[in-house]
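For reference, the structure is listed below as structure tokens.
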Ligand SMILES: Cc1cc2nc3c(=O)[nH]c(=O)nc-3n(C[C@H](O)[C@H](O)[C@H](O)COP(=O)(O)OP(=O)(O)OC[C@H]3O[C@@H](n4cnc5c(N)ncnc54)[C@H](O)[C@@H]3O)c2cc1C
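Residue numbers (our numbering): 330 to 710.
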């Protein structure tokens, strides 16, 4: 696959791989076990420009492309899937809509601090009754004079506990349902805003997932992001980019599973020889690699299309669907190759398996990705 990457991409990959191996990997299991947000790692990633990879340098970004973003999220997630989603949610779900839909004033106000990692971003679309049916927003934003008053409660915000800046969706006209949803930029220190329940999760435990409570949160008009009642479209465009991040996170988990499985199979002996000599093990390794490379190629293609400004919704959904299933497949086989050891916390296989599952759920479940893909195929015929 190296022949599809430029020299700059390979240099970036080697740099992030080294950082992930030396700095992230040694602490990833402890952070996950203790549910600790990896603050030091995020600070170091910020210094390396990894909190603003695919954003122009005029706003403080690293000025790289989406293939660079894919490479970096994969390498980071290979060492720690929690860190991967912290950076991906910050970049794709918070910085990207501000960059894409924000006024010049909003971009100047938020992006330099966010892209340099001084401020962490989050995205709050989901609610208890607005999951796959994301437009069914019950949180309201009512205009009073020159202020917006927000009330309601959002669920599942990645980075919710640590974030300083939220892109948050609220209903500005409940009678219009999906067409009455609007996006706002909400700062975490606004009176009436608070973090509610912090979820206890199966995996990615070093990343926080929280409820957000809005109790008469008063926002100035300048907090409105994009156009009134155009928030659902903004959210869908944002999620296209987010799916590249999650596909890349899934690639990292798949790759880690393959590398650990091969290493273990070479070391573990049964029946007087290394288990890697058994054809059953070799076939599992071959199947894992085929799934990983297929997913990599789809993610690379979708990232390339985003670089070129093409419509890549279907390709992003395909990349996310295939990569998340590859991550689950590879993590499952990684445990199988580890035998009983794979079921224990002594080895990372069980963490890969727990981390892989979320990639089939967030930023649109696999069923929703299949809907996106099939609808676009049916519509164009
Ligand atoms: C760890 C974590 C982090 C998250 N981070 C964020 C975040 O940062 N910001 C945010 O806004 N949200 C976030 N989410 C929410 C996530 O995007 C939703 O959980 C997801 O979209 C699914 O919604 P739901 O949980 O309500 O499931 P439901 O929508 O209730 O789905 C339940 C089941 O029904 C299926 N289903 C639903 N509708 C259909 C349909 N039309 N056709 C076929 N099958 C269907 C689903 O595929 C699923 O299998 C996060 C969730 C988790 C668990």
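We put the CB at the ideal spot given by N, CA and C, even for glycine. As the structure is a prediction and not an experimental result, all values here were calculated from the model.
Integer Cβ distance of residue i from residue j, believed to fall under 8 Å
i, j, result
"residue 407", "residue 459", "Incorrect: roughly 33 Å between the Cβ atoms, too far for contact."
"residue 427", "residue 496", "7 Å"
"residue 541", "residue 692", "Rounded, the Cβ-Cβ distance is 17 Å, inconsistent with contact."
"residue 624", "residue 651", "5 Å"
"residue 555", "residue 590", "The Cβ separation is near 45 Å, so there is no contact."
"residue 461", "residue 697", "5 Å"
"residue 586", "residue 617", "7 Å"
"residue 539", "residue 486", "5 Å"
"residue 330", "residue 622", "7 Å"
"residue 353", "residue 405", "6 Å"
"residue 515", "residue 552", "7 Å"
"residue 603", "residue 595", "6 Å"
"residue 687", "residue 532", "6 Å"
Residue i and residue j closer than 7 Å at C-beta
i, j, result
"residue 307", "residue 702", "With the chain represented from 330 up to 710, any question about residue 307 goes unanswered, as that position is not in the structure."
"residue 370", "residue 536", "no"
"residue 660", "residue 579", "no"
"residue 400", "residue 490", "no"
"residue 507", "residue 570", "no"
"residue 385", "residue 378", "no"
"residue 636", "residue 395", "yes"
"residue 572", "residue 361", "no"
"residue 450", "residue 424", "yes"
"residue 448", "residue 442", "yes"
"residue 279", "residue 418", "In the structure displayed, the chain extends from 330 to 710; residue 279 sits before or after that span and is not available."
"residue 438", "residue 547", "no"
"residue 479", "residue 470", "yes"
"residue 380", "residue 431", "no"
"residue 545", "residue 521", "yes"
"residue 444", "residue 390", "yes"
"residue 664", "residue 682", "yes"
"residue 577", "residue 403", "yes"
"residue 519", "residue 498", "no"
"residue 543", "residue 481", "yes"
"residue 620", "residue 658", "yes"
"residue 669", "residue 678", "no"
"residue 564", "residue 700", "no"
"residue 557", "residue 501", "yes"
Residue range of the unbroken alpha helix (DSSP H) whose run includes residue i
i, result
"residue 669", "Residue 669 -> no alpha helix (DSSP H), and no H or E assigned at all."
"residue 676", "Run containing residue 676: none; DSSP gives neither H nor E here."
"residue 566", "560-596"
"residue 511", "Looking at the DSSP string, residue 511 is not in any alpha helix (DSSP H); the run it does join, the beta strand (DSSP E), is 510-516."
"residue 701", "695-708"
"residue 504", "Segment: none, residue 504 is in no alpha helix (DSSP H) and carries neither H nor E."
"residue 636", "608-636"
Start-to-end residues for the beta strand (DSSP E) that takes in residue i
i, result
"residue 541", "538-549"
"residue 480", "476-487"
"residue 552", "Unbroken run through residue 552: none, as it is neither H nor E."
"residue 522", "522-527"
List in chain order: all unbroken alpha helix (DSSP H) runs of 4+ residues lying wholly within the stretch 424-471.
425-430 and 433-444
Alpha helix (DSSP H) segments (min. 4 residues) lying fully within the stretch 341-428
354-363, 368-376, 395-408 and 410-417
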